Every structure is written in C-alpha cells, then in structure tokens.
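Counting from 1, position 23 in the sequence shown corresponds to residue 37 in the working numbering; the numbering is continuous, with no gaps.
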Amino acid sequence: MKALYIGLVMVLLSSAADANDFDSCKACHGQSGEGNSALSAPAIAGNLSPYLLRQLQAFKTQTRGGSDDTASAQTMSAAVVTLSDEQLVAAAEYFSSLSAAELSSTDATDRQASGYYQALCGSCHGPNGEGNKHLSAPRIAGLSNVYLSQQIQSFKSGVRQQINEPYARQMQRMVNEVDDDMMERIIRHIGTLNGEAYLESH
Ligand code: HEC
Ligand code: HEC
C-alpha cells in the first residue's frame with residue numbers, strides 16, 4: 015500500500031514537473047493552442063516565440079490588457095499577472111513549439127483586397143499569413159475575423175501601442191494607411207489564407 019502511495023506521489027510529482035504543460039492556458043486556448051472563439055481566445059500554437067513572449071510581458075505589465083483595453087484582453091492579463099518571467103519564457107517557447115492547426119485555403123474572391131493584402135501586409139506577415147521571424151511579424155492566418163478586427167481597432171486607437179514598443183508602433187502606422195472598409199475586406203481575405211510558408215521556387 016505504501017509502495018503504491020509512493021508510486022502515486024511520484025506520478026503526481028512528475029506531472030507537476032510537467033506542470034509546465036500549461037493546463038490553465040489550455041483551458042482557454044485549447045489543448046493544442048488552437049484557440050477557442052467561444053472564449054475569444056486566439057490560436058497561439060506555432061506562432062513566433064519572441065512574439066508570444068512580447069505579448070505575455072505586455073499582458074503582465076498591462077501595457078496590453080489594461081483598464082482601457084477590452085474585457086478579453088483584461089481577462090488574459092489577469093491570467094498571467096502572477097507568473098514569473100521564467101514562466102512566461104517557458105510558456106512562449108512551449109506554445110511556439112506546437113504545430114499550428116492546418117488550414118485549408120479557400121478561394122480568394124476579393125481580388126482587390128488580396129492585392130492590398132499582398133502590397134500592404136504580406137511583406138511583413140508573409141503571402142500566406144505565415145509570419146516572418148526576421149521581422150518579428152506574427153502569424154495571422156487562422157485567427158478569427160472578430161479577433162483580427164479588434165486588434166486592428168486597438169492598434170488604431172493606441173490601446174495596443176506600447177510606448178517605445180517598436181513592433182506595435184509599426185503596426186499602428188500601418189493601420190492608419192488603410193480606410194475601414196478596405197481593412198474589413200483585407201481581414202476577410204486573411205481568413206482565406208492557409209499560413210503555409212511561401213516557397214521561393216513557386
Ligand atoms: C481565461 C481565459 C484565458 C487564460 C486562462 C489564458 N488566456 Fe491567453 N488569451 C485569452 C484571451 C481572451 C486573449 C485575447 C486577448 C485580446 O483580445 O487582446 C488571449 C491572448 C493571448 C495571447 C496573445 C495572442 C496574440 O496573437 O497576440 C497570448 C500569447 C496568450 N493569450 C497566451 C496565454 C498563455 C501562455 C496562458 C497561460 C499562462 C494564457 N494565455 C491563459 C484568454 C486566456
Ligand atoms: C512593417 C511590417 C508590418 C506590416 C507592413 C504589417 N504588419 Fe501587422 N504586425 C507587425 C508586427 C511587428 C506585429 C507585432 C506587434 C506587436 O508585437 O505588438 C504585427 C501585428 C499584427 C496583428 C496582431 C496579431 C495578433 O495575433 O494579435 C495583426 C492583426 C496585424 N499585424 C495585421 C496586419 C495587417 C492587416 C496589415 C496590412 C494592412 C499589417 N499587419 C501590416 C508588422 C507589420
């Protein structure tokens with residue numbers, strides 16, 4: 015009986031050591047980090063680790079998710095506010111290492127929005143929305159329209175613009191170049207992208 019008990023404790027301890035399996039995050043973001051639109055939690059699997067870490071730090075310090083931000087962003091901020099920097103690094107690395115959900119691309123019917131996407135966004139976020147690690151521009155394929163619209167609005171209003179945060183500032187400059195109508199069409203276009211890395215040979 016004692017041996018069994020010790021065995022059980024060992025199992026529990028080893029799963030606690032894996033407690034870096036981030037169950038609390040998965041409760042909202044899904045078991046594979048695929049996101050859960052019912053909870054407004056975006057897909058985070060397979061995104062760039064430095065990007066994820068930057069966001070986690072911003073949520074922790076409430077430069078994202080502060081009192082002027084959306085309820086969703088505030089919820090996320092509450093989820094990480096007590097975590098240590100080491101835990102944030104581990105979480106960013108873990109979710110970055112998971113594979114992003116496979117997406118099937120749908121036909122881009124709005125050719126004009128597609129052209130705008132390629133000209134204005136694709137240079138940083140990649141032709142298929144796959145992201146670009148050299149520019150620290152995140153993967154945006156596979157995010158919901160609602161989430162994308164909200165983020166664009168937050169960049170625009172300055173809520174999601176960390177002072178001296180060069181990456182967010184880049185985005186803020188970008189979103190001011192596009193009128194609301196076209197931005198909505200671009201966002202719908204992003205919904206047709208499959209996030210596959212573009213091959214030079216294509
Ligand atoms: C209670 C639900 C909840 C929990 C728990 C939670 N999140 Fe979130 N998370 C969200 C929501 C909602 C958003 C979207 C915030 C917004 O709209 O700006 C988000 C956003 C994020 C983002 C930004 C994604 C992007 O593309 O910019 C990252 C990264 C993230 N969460 C990671 C985590 C990690 C890691 C954990 C665990 C330590 C965690 N989350 C726990 C709900 C949650
Ligand atoms: C100069 C490079 C650049 C261009 C051009 C650009 N972006 Fe970004 N974008 C970024 C960077 C860098 C970030 C990460 C910002 C941060 O770390 O806060 C980002 C973040 C985003 C996000 C937030 C993603 C998330 O998961 O929360 C969205 C949405 C987005 N961009 C959409 C667009 C759209 C749409 C366009 C075209 C109209 C565009 N971007 C053009 C560099 C760029």
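Think of the CB as a built atom: it goes at the ideal place given N, C-alpha and C, for glycine as much as any other residue.
The structure presented is a predicted model; accordingly, all values stated were derived computationally and were not measured.
* Asked: In this structure, does DSSP put Ala-151 in helix, strand or coil?
  -> In the structure shown, Ala-151 sits in a strand (DSSP, three-state: E or B).
Practice item. Please report the residue range of the alpha helix (DSSP H) in which Glu-107 lies. Key: Segment 99-111, the alpha helix (DSSP H) holding Glu-107.
How long is the line joining the alpha carbons of Met-24 and Asp-124, rounded to whole angstroms? At Met-24 the pLDDT is 46, less than 50, meaning the model places this residue with poor confidence; the figure from the coordinates comes in the next sentence. Using only the alpha carbons, I get a separation of about 57 Å.
- Query: Do Gln-164 and Thr-84 have their C-beta atoms within less than 9 Å of each other?
  - Reply: The Cβ atoms of Gln-164 and Thr-84 sit closer than 9 Å to each other.
| request: Go through its chain and collect everything with a Cβ distance to Ser-168's Cβ below 6 Å, but skip five positions before and after it. | output: Cβ neighbours of Ser-168 beyond the five flanking positions: Arg-174.
*Provide the residue span of the alpha helix (DSSP H) that contains Cys-135, from first to last.*
Looking at the DSSP string, Cys-135 is not in any alpha helix (DSSP H), and its letter there is neither H nor E.
Excluding sequence positions up to five away, which residues of its chain have a Cβ less than 6 Å from the Cβ of Ser-128? Excluding residues within five positions, the ones whose Cβ falls inside 6 Å are Ala-122 and His-203.
Note down the Cα distance separating Ala-59 from Ser-46, rounded to an integer number of angstroms. Roughly 7 Å separates the two Cα atoms.
Cβ pair Phe-73, Ser-91 closer than 9 Å
Here Phe-73 is near Ser-91, since their CB atoms are less than 9 Å apart.
Check your understanding: Cα separation between Leu-207 and Ser-119?
Key -> Approximately 5 Å, taken between the alpha carbons.
Applying the criterion that 16 or more other CB atoms from any shown protein chain within 10 Å of the CB defines a buried residue, is Glu-48 buried or exposed? Under this definition Glu-48 is a buried residue.
Alpha-carbon to alpha-carbon, Ala-41 and His-216 = Since pLDDT at His-216 reaches only 41, below the 50 mark, its modelled position is unreliable, and the value read off the structure follows with that caveat. Straight through space, the alpha carbons of Ala-41 and His-216 are spaced by roughly 39 Å.
Legend entry - Neighbour-count burial assignment, Asn-61, 16 or more Cβ in a 10 Å radius: Around the C-beta of Asn-61, 16 or more other C-beta atoms lie within 10 Å, and the residue is accordingly described as buried.
Problem - Three-state secondary structure assigned by DSSP to Ala-85 - result: Residue state for Ala-85 is assigned as helix, using DSSP reduced to three classes.
Fill in: Gly-140 versus His-148: straight-line alpha-carbon distance, rounded
About 11 Å.
Is it the case that the CB of Phe-169 approaches a heavy atom of ligand 2 more closely than 8 Å?
Phe-169 Cβ: within cutoff of ligand 2.
**Beta-carbon separation (whole angstroms), Gly-156 vs Ala-87, contact threshold 8 Å** = Taking C-beta atoms under 8 Å as the contact rule, Gly-156 and Ala-87 fail to qualify, at a distance of about 19 Å.
key: Bridge partners - Ala-55, DSSP secondary structure assignment   = Answer is Asn-50, bridged to Ala-55.
**Identity of the residue in Ser-158, Asp-194, Leu-102 and Ile-200 nearest Leu-134 by Cα** = Minimum Cα distance to Leu-134 is reached at Ile-200.
For Ser-106 versus Leu-97, is the C-beta spacing smaller than 9 Å?
Here residue 106 is Ala; the residue named in the question, Ser, does not match the sequence. Contact: no.
- prompt: How would you write the range of the alpha helix (DSSP H) that Ala-186 sits in, first residue to last?
  reply: The question names Ala, but residue 186 in the sequence shown is Gln. 180-189 is the span of the alpha helix (DSSP H), which, as asked, contains Gln-186.
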